[in-house]
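Taking it in order: structure first as structure tokens, then the write-up.
Numbering (the working numbering), first residue to last: 15 to 108.
Dropping the structure here:
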């Protein structure tokens, strides 16, 4: 009997943690469907704006725009270049 209760409790607990992760996946998918610029092209644009090696790429929203956030390392410095996923233009460099 205790095993059944523990199993049900565990299933409820795990079910509660999977749903939010799925919701995040859906929003990432929706963002990528809006992009007209490929990730490869966004990386090329970012590396032209800030020469170095790309180490990470994420997609998200910045100031209401869908952007690629591209982290570039040049020597000891790390830069974040935001490329608009609709226009392919550099939105911001940090």
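The beta-carbon is built from N, C-alpha and C at its ideal position, and this holds for glycine as well.
- Task: Output the boundary residues of the alpha helix (DSSP H) element that contains residue 67.
- Result: As a working note, residue 67 is residue 53 in the chain shown. Looking at the DSSP string, residue 67 is not in any alpha helix (DSSP H); the run it does join, the beta strand (DSSP E), is 67-76.
- Message: Between 83, 94, 64 and 95, which has its C-alpha nearest residue 74's C-alpha?
- Response: By one-based count along the chain shown, residue 74 stands at place 60. Closest option to residue 74, Cα to Cα, is 83.
- Straight-line gap, residue 56 to residue 107 (C-alpha atoms, nearest Å): For the purposes of this step, residue 56 is identified with residue 42 of the chain shown, where counting begins at 1. For the purposes of this step, residue 107 is identified with residue 93 of the chain shown, where counting begins at 1. Each residue's CA atom was taken as its position, placing residue 56 and residue 107 some 13 angstroms apart.
- Buried or exposed for residue 60, please, with buried defined as at least 16 other CB atoms from any protein chain shown within 10 angstroms of its CB. As a working mapping, residue 60 is identified with position 46 in the chain shown. By the 10 Å Cβ count, residue 60 comes out buried.
- Task: Assign residue 54 to buried or exposed, taking buried as 16 or more other Cβ atoms, counted over all protein chains shown, within 10 Å of its Cβ.
- Result: For the purposes of this step, residue 54 is taken as the residue at position 40 of the chain shown. Burial call: exposed.
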